[in-house]
Amino acid sequence: MTATPLSVPERADLLRLLADAAAAASTTDRDDLVDSLKQLSQRVEDPTIRVVVVGQFKQGKSALVNAMVDQSVCPIDDVIGTAVPTVVQYGETPSAVMWSEVDGVEGLQSRSIPIDSLRQHVTEAAESQDGVRPVRVDVYLPNQLLAQGISFIDTPGVGGVTKAHVASTLSMIPVADAVFMLSDASQEYTQPELAFLKQAMTLCPTVSCVLSKTDLHVQWRTIAEANREHLAAAGLDLPLMPASAASHLRAVATNDAALDRESGIPQLKADLTGDLLDRVLTETGQAVGRQVISVVDHLRLPIDSELATLRDPGRSGAVVKSLKESQAAAQALSQKSAKWQQTLSDGSNDWISDMEYDLRDRLRRVGRECEMLIDDCDPSEVWEEIGAWLADSIAQAVADNFVWSHQRAEWLAARVADHFSVEGAVELPSLRFSDTEGVLNPIAGLEALPSGHMSLPQKVILGMRNSYGGILMFGLLTSLSGMPLVNPFSIGAGMLVGGFSYRQDAAARLERRRSMAKVAVRRLIDEAMFQVGKEQRDRFREVKKTLRDHFADMAEHMKRSLQEAIDSAKAGAKSKTEGGRTDRISTLQAREATLAELAERARRLLPPGAANESAVPAGDSEAVVA
Amino acid sequence: MNDIRESAAMTTARDLLDLAIRAYRREPEILETLQAHRVRLDEPLRVALVGSVKAGKSTLLNALLGEHLAPTDARECTRVVTWYRHGSTPQVVAKPVNGSPENLPVHRQHGRLELDLGDATADSLERIDVTWPADPLAELILVDTPGTVSISESISSRTQKFLAPPDGVSEADAVIYMLRSLHLSDVEFLHDVKNHHGRADGSAPRSIAVLSRADELGGGRLDAMVSVNAAAAKLRTDPALDGVCEALVPVAGLLALASTTLRQSEFSAFVALEKLPRDEREALLASVDRFITAEDENLPSPRVRASLVERFGVYGIRLAIAVLRTGIKDAPTLSAELVRRSGLDELRRVIDVHFQQRHAELKAHSAISAVYRVLQDNPREHTQELLEDAEEFLANAHAFREMRLISHVRSVKLALAPEELEELIRLTGGNGTSPKQRLGLDEDVDDLTAHRAAYDALWAWTERAEHPLIDRDTAAACRVVRRSCEGILDELSQAHFATV
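Going down the list, the sequences are from chains A and B.
Sequential numbering of the first sequence, starting at 68, is according to this note's numbering.
Sequential numbering of the second sequence, starting at -15, is according to this note's numbering.
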């Protein structure tokens, strides 16, 4: 995503750099810094790259996933579609686990299922059990592509059964590293598809359009051209890649390399393993670079201070004073009254009220539309349709609200981060934490990360993932689909069915039915508002907590480093003997050289602009404390 | 079904229209509407083809016509509501939203009609009228509509306005709804149409659903239609379609059109392809690109192959070859077999049973709904009585009750055994409306046997209707069937005495 091309870092190099930095940190007992480095090395070792495959009903999503892993895992059918999102990832032995929500049980329940009977579990033909709602199936496969850390998420078709799918599909996109949007070559893009693409683009930086089934449609080049025009007209700068899963399978079966090339699947794979993997590795590399530089800065601060006073004991007062000023600033940052804390809490309050306003506004609009609908018909005849329409419209409104508030939350995180550069009037080493460049890009490896010290991006995204992914996919929609409000009206409807035979006061009865229907609708809308609002608030509280912990940790690190720097400076000033002083200086210089070398290696991972901006001139302690 | 059968419904409709025309004789605007409906009453049935964009509406229309008349293209093509009527000389008239109708030049290229809009844009036109000397049009007016989930909202809304105008009666008497799958927006649209029709009288609209491009669901495999037919059989019982359409027919539209217009040169090409060794042929059919670009002197020329793929699709080519292997020797036989397998024959039968045999009732229904609406919106002195007549007719006409019953039979839980339900559908005209079709007898059965069968049915259903333990819905349904039986007896005796 950065303009300057960076050479892709080697995974081993990253690991070595992290290990060296950790070794340097542990010599000074900075375990807090060591921890954060360890987390990163885990991520480097075991990256997860999620590729979400989306598209309308029956566009060949499952077939594409199968073609990508060269195995027939996801069930394919002429008519029945996928109903449960399926995550295909690496595992040493093929296996599958089904996660479901069970009535009255907290949390998701898992159960192992035979991998060859996925059809019975993930398709629309799956037999449903009362009170058990399948949420997701994890499939583990030994496969070369998957072994590189790539996982595919096969989703139910948008528009397949109900719009509720749109919301749940959307909720998977913010945590995706890449999105494949499938549309088959039988027709050009339709309005809903373009609308979905636009939404997807705001949630994930890497969206690729795949034109599927090119083996079947002779006009696929015309369609591809038309789609490119539509994309351009809609202002969407996205690549469009033709692919045919069927040709690929046939090519593999008959060992026909030329046909395989025509199928477009090798190209897709190459893009994934090449571009995407490189991009993710580059991003990880940048995270590593930033982290190592920051650790080095933390470690160097005491050394530099001590060196400064050792070299010129006369200045020790000035150095300590300057450091104390910085410490006061760091102190201020870590206090509850810090400005960033205020921004966060004000911003959170704003977020909540804006989110609620937005939600209420969208739902009210749905309500009004529904009342107009009711005025136009006899609700007892079309009640079921109204119910379905309403549930869909609410799901859509909630999805829109979700996209909107997600962006607001990201924006808030950036605002808070800004503070760390504004507030620290004295230039502090870890200022580059506040560097928002790339900070908010979704970064892979969320699943594998335990809680603890994380850099801002993962923390924020993880918080958001917990908050939104959960609410939309598992909680809210299922409770809405139960539509508790249908019942009071159904009782009324049963009573009113006889209305047909009495023609006299038909008009009065109709009016009565309409007003009853409106009451029921209002009840549903209120209920949805209450439930969604509450969920959103609860989840946002977690986002807020994550942000607060993260920034508080940062302030804490600063305080600790500064305290050590002050202690070192004082210690430096105290040392009396010339010989001891010289020894100390050379020890410290040696350590500093190691750190400088580390910083240099780390800086190579960052884009030139970012590196210069935050570079601390090596060996010149004045710049740090002056 | 050429005879425009006079029926009680038609007479009532005509009388009502005449009375209404007299009642509003001093109000030119209303009068114009009513007179238009008076003309429409004696026209052939208007059947609209409706569906999402690229659902294959124009292709199916062409297949029904048996010639490639409506323009088709890989990209979104039909942008204006286009009417196809019968007439002795070809003519194309564009009717702008504002202004007077204009004749368009009639171009045909390779047998296809080219609509040259001249200066007009698709947006500025309300509709295009095509008059064409094609026999099927003598019985049905076919209306091609822009796709419902079109890339451009204004095109989608145009179809919506045509079918369910906010302030009037639908322009179509019946709808063939094209589904590409059980897509949400498709079903939503079906419900919309239904709600609109149902507004005045609560009756279901006449509509049948066609699972178009059925072959593509199977990815071009030879058994595509088999699995799709099986799926369709299952879909027929899907509650989502209930009360919305009475029949669901899978049709491989492309194949249907291509095989009704199969050329001798294409037949020869299929024969050549059939002679290839199996492996070679399969490799050839791996993808459309391969099929066209492969080089081999035993093959038909690339141009011919390109046209084969374009016209028949991969599935069509596979099927044609498979069918040839059963020993077919000439083009007409191949054509007939492919048409049968494409589902087009079944669609024709369904159109006959559900639309053409109900011609009079559907026409009357459209007309009376229109009168009802006019009367309701413009109450004048003396019109109250007419309004009540119209309302009563819409609510009580037996034909509509039958239609309602058939279309709701799946959703209302009737306390009847499956074979009784089948008999119910048959007797109320679900498989055809002639007395003998209703009784499930061959047409050559003698009158006495038919009479006896009708009486047996009448007794059986009367008994069911009066069973003391029966629930209300079932009782009502049984009474409708009883009334149908009486109608059968009535028609049988009239026919008998007319011949004696």
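Backbone N, C-alpha and C fix where the C-beta goes; we use that ideal spot for every residue, glycine too.
Tell me the rounded alpha-carbon separation between E264(B) and L131(A). By 1-based counting over the second sequence, the position of residue 264(B) is 280. By 1-based counting over the first sequence, the position of residue 131(A) is 64. About 26 angstroms.
Would you report the Cα separation of G565(A) and R456(B), rounded to the nearest angstrom? Locating residue 565(A) in the first sequence gives position 498, where the first residue counts as 1. Locating residue 456(B) in the second sequence gives position 472, where the first residue counts as 1. Unreliable positioning characterises G565(A) in this predicted model, as indicated by a pLDDT of 33, which lies under 50. A coordinate reading is not provided.
Using the three-state DSSP reduction, which class does G127(A) fall into: helix, strand or coil? Stepping through the first sequence from its first residue, residue 127(A) is reached at position 60. The answer is coil: DSSP assigns G127(A) none of H, G, I, E or B.
Using the three-state DSSP reduction, which class does Q358(A) fall into: helix, strand or coil? Here residue 358(A) refers to the residue found at position 291 when the first sequence is read from its first residue. Three-state DSSP puts Q358(A) in a helix.
Under 8 angstroms, Cβ to Cβ, is there at least one residue of chain B near V433(A)? Counting from 1 along the first sequence, the entry for residue 433(A) is found at position 366. Chain B contact via Cβ: absent.
Name the chain A residues whose beta carbon is nearer than 7 angstroms to that of V272(B)? Numbered from its first residue, the second sequence carries residue 272(B) at position 288. D282, L283, H284, V285, listed in chain order.
Answer yes or no: the CB of W67(B) versus the heavy atoms of the ligand MN, is any distance below 7 angstroms? Looking at this structure, you won't find the ligand MN or any other ligand, since it has none at all.
Strictly under 8 angstroms for the Cβ-Cβ distance: is V194(B) near chain A by that measure? Start at 1 with the first residue of the second sequence, and residue 194(B) comes out as number 210. Output row for V194(B): interface = no.
Would you call the stretch 310 to 320 of chain A and the stretch 265 to 276 of chain A touching, i.e. three or more CB-CB distances under 8 angstroms? no
Check T458(B) in the structure and name its three-state DSSP category. Reading the second sequence from its first residue, position 474 is the one you call residue 458(B). Here T458(B) sits in helix by DSSP.
Cβ of S401(A) within 8 angstroms of any chain B Cβ: To locate residue 401(A), count along the first sequence from 1; it is residue 334. For S401(A), the answer is no, since every Cβ of chain B falls outside 8 angstroms of its Cβ.
Take G127(A) and list the residues in its own chain whose beta-carbon comes closer than 7 angstroms to its own, dropping the five residues that flank it on each side. Position 60 of the first sequence, counting from 1, holds the residue named residue 127(A). Result list for G127(A): L249, D251, S279, K280, A312, in chain order.
If you follow the alpha helix (DSSP H) that L232(B) is part of, which residue opens it and which one closes it? Here residue 232(B) refers to the residue found at position 248 when the second sequence is read from its first residue. Not the alpha helix (DSSP H): L232(B) falls in the beta strand (DSSP E), residues 232 to 234.
Should D364(A) be flagged as near chain B, meaning a C-beta pair shorter than 8 angstroms? Here the question's residue 364(A) lines up with position 297 in the first sequence. Not one chain B Cβ lies under 8 angstroms of D364(A).
Anything in chain A within Cβ reach of K38(B), meaning under 9 angstroms, just list it in chain order. The residue given as residue 38(B) occupies position 54 in the second sequence. Those are S253, Q254, E255, T257, listed as they occur along chain A.
Measuring CB to CB, does P223(A) end up less than 8 angstroms from T149(A)? By 1-based counting over the first sequence, the position of residue 223(A) is 156. By 1-based counting over the first sequence, the position of residue 149(A) is 82. Yes; because the gap between Cβ atoms is below 8 angstroms, this pair is in contact.
By the DSSP assignment, the beta strand (DSSP E) with K79(B) in it spans what residues? Residue mapping note: residue 79(B) aligns to position 95 of the second sequence, counting from 1. Its beta strand (DSSP E) spans residues 75 to 80.
Cα-Cα, which of V37(B), D474(B), E98(B) is closest to Q486(B)? Residue numbering for chain B in the displayed model covers -15 to 484; residue 486(B) lies beyond these limits and cannot be assessed.
Since I believe A215(B) is in contact with D145(A) (beta carbons under 8 angstroms), could you give me their beta-carbon distance rounded to a whole number of angstroms? In the first sequence, the residue the question calls residue 145(A) occupies position 78. In the second sequence, the residue the question calls residue 215(B) occupies position 231. That belief holds up - the Cβ atoms of D145(A) and A215(B) are roughly 6 angstroms apart, short of 8 angstroms.
For chain B, check one thing: does any of its Cβ atoms lie closer than 8 angstroms to the Cβ of D145(A)? As a working mapping, residue 145(A) is identified with position 78 in the first sequence. Closer than 8 angstroms to some Cβ of chain B, the Cβ of D145(A) qualifies, so yes.
When we look at the beta-carbon of N46(B) and count the other beta-carbons within 10 Å, is it buried (16 or more) or exposed? Walking along the second sequence from the start, residue 46(B) turns up at place 62. Classification of N46(B): buried, given that the 10 Å Cβ count is 16 or more.
Please list, in chain order, the chain A residues whose beta carbon lies closer than 8 angstroms to that of G202(B). Along the second sequence, one-based indexing puts residue 202(B) at 218. Going along chain A in sequence order, the residues near G202(B) (Cβ under 8 angstroms) are D145.
Between which two residues does the beta strand (DSSP E) containing F339(B) stretch? To locate residue 339(B), count along the second sequence from 1; it is residue 355. Counting along the chain, F339(B) falls outside any beta strand (DSSP E), and DSSP gives it neither H nor E.
Contact between the stretch 403 to 410 of chain A and the stretch 633 to 647 of chain A: three or more CB pairs below 8 angstroms? no
Would a check of beta-carbon distances place K265(A) closer than 8 angstroms to chain B? On the first sequence, residue 265(A) is found 198 positions in, with the first residue counted as 1. Chain B contact via Cβ: absent.
Can you name, in chain order, every residue of its own chain whose Cβ lies under 7 angstroms from the Cβ of W445(B), other than the five neighbours on each side? Mapped onto the second sequence, residue 445(B) falls at position 461. For W445(B), where only same-chain residues beyond five positions count, the Cβ hits under 7 angstroms are C462, V465, R466, C469.
Exposed or buried, what is Q254(A) when buried is set at 16 or more other beta-carbons lying within 10 Å of its beta-carbon? Counting from 1 along the first sequence, the entry for residue 254(A) is found at position 187. Label assigned to Q254(A): buried.
Around the Cβ of D314(B), are there at least 16 other Cβ atoms within 10 angstroms (buried) or fewer (exposed)? Position 330 of the second sequence, counted from the start, is the residue given in the question as residue 314(B). Looking at its Cβ environment, which holds fewer than 16 other Cβ atoms inside 10 Å, D314(B) is exposed.
Using three-state DSSP, classify E260(A) as helix, strand or coil. For the purposes of this step, residue 260(A) is identified with residue 193 of the first sequence, where counting begins at 1. In the structure shown, E260(A) sits in a helix (DSSP, three-state: H, G or I).
Helix, strand or coil: how does DSSP classify I220(A) here? Counted from its first residue, the first sequence places residue 220(A) at position 153. Note: I220(A) maps to strand in three-state DSSP.
Within 8 angstroms (strictly less), CB to CB, does H181(B) reach chain A? Working through the second sequence from its first residue, we reach residue 181(B) at position 197. Annotation note: pLDDT 49 at H181(B) (below 50); position unreliable, coordinate value reported separately. So no, H181(B) is outside the interface.
Roughly how many angstroms separate the alpha carbons of R410(B) and F384(B), rounded to a whole number? Position 426 of the second sequence holds residue 410(B). Position 400 of the second sequence holds residue 384(B). Using only the alpha carbons, I get a separation of about 15 angstroms.
Which residues in chain B sit within 9 angstroms of E578(A), going by Cβ to Cβ distance? Taking the first residue of the first sequence as 1, we reach residue 578(A) at position 511. Simply none; closest approach about 16 angstroms.
Helix, strand or coil for H21(B) per DSSP? Sequence index remark: in the second sequence, residue 21(B) carries index 37 (1-based). H21(B) falls in the helix class under three-state DSSP.
Quick one: which chain B residues come within Cβ less than 8 angstroms of S311(A)? Within the first sequence, numbered from 1, the residue matching residue 311(A) stands at position 244. Those are S271, listed as they occur along chain B.
To the nearest angstrom, report how far apart P120(B) and Q286(A) are at their CA atoms. As a first step, residue 120(B) is located in the second sequence; it is residue number 136 there, counting from the start. As a first step, residue 286(A) is located in the first sequence; it is residue number 219 there, counting from the start. About 30 angstroms.
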